[in-house]
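Numbered by our numbering, the letters in the sequence shown go through residues 5 to 90 in order.
Glycine included, every Cβ here is placed at the ideal spot set by N, Cα and C.
Remarks on the structure that follows.
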Amino acid sequence: FHYSGHGSQQDDTDGDEMSGKDDTLVPVDYQQAGMISDDELRSILVTNLPKGVRLTVILDCCHSGTALDLPYKIGVDASNMVEVKK
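Here it is in structure tokens:
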């Protein structure tokens, strides 16, 4: 799955975000259909994946670091080593 576009945030309505905000994708029709929240993305793309199936997601937008509400984050430390944090 690839998305390049605008990202944003909106108030978290189900209490699952430490920040109190859901990260969102802002599709071209957001004024009529609304933004797509990280909760919706996780439900649509991740939750029902069969065991052993891999999904590659590339999000080129603001607020995309936690856009799938995954239980871990991957980053690069000061010495350019990849870190995986749960």
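Beta strand (DSSP E) segment containing residue i, residue limits
i	result
Y7	H6 to S8
G79	K77 to V80
E87	V86 to K89
D64	I62 to D64
Per DSSP, cross-strand counterpart(s) of residue i
i	result
V30	H10
D73	For D73, which the question treats as bridged, DSSP gives no partner whatsoever.
The alpha helix (DSSP H) enclosing residue i, as first and last residue numbers
i	result
L45	D42 to L45
Integer Cβ distance of residue i from residue j, believed to fall under 8 angstroms
i	j	result
I40	H6	That pair is no contact at about 14 angstroms.
Residues near residue i by beta carbon distance below 6 angstroms, same chain, minus five either side
i	result
S8	D64
Taking contact to mean at least 3 C-beta pairs separated by less than 8 angstroms, is the region 76-88 in contact with the region 34-53?
no
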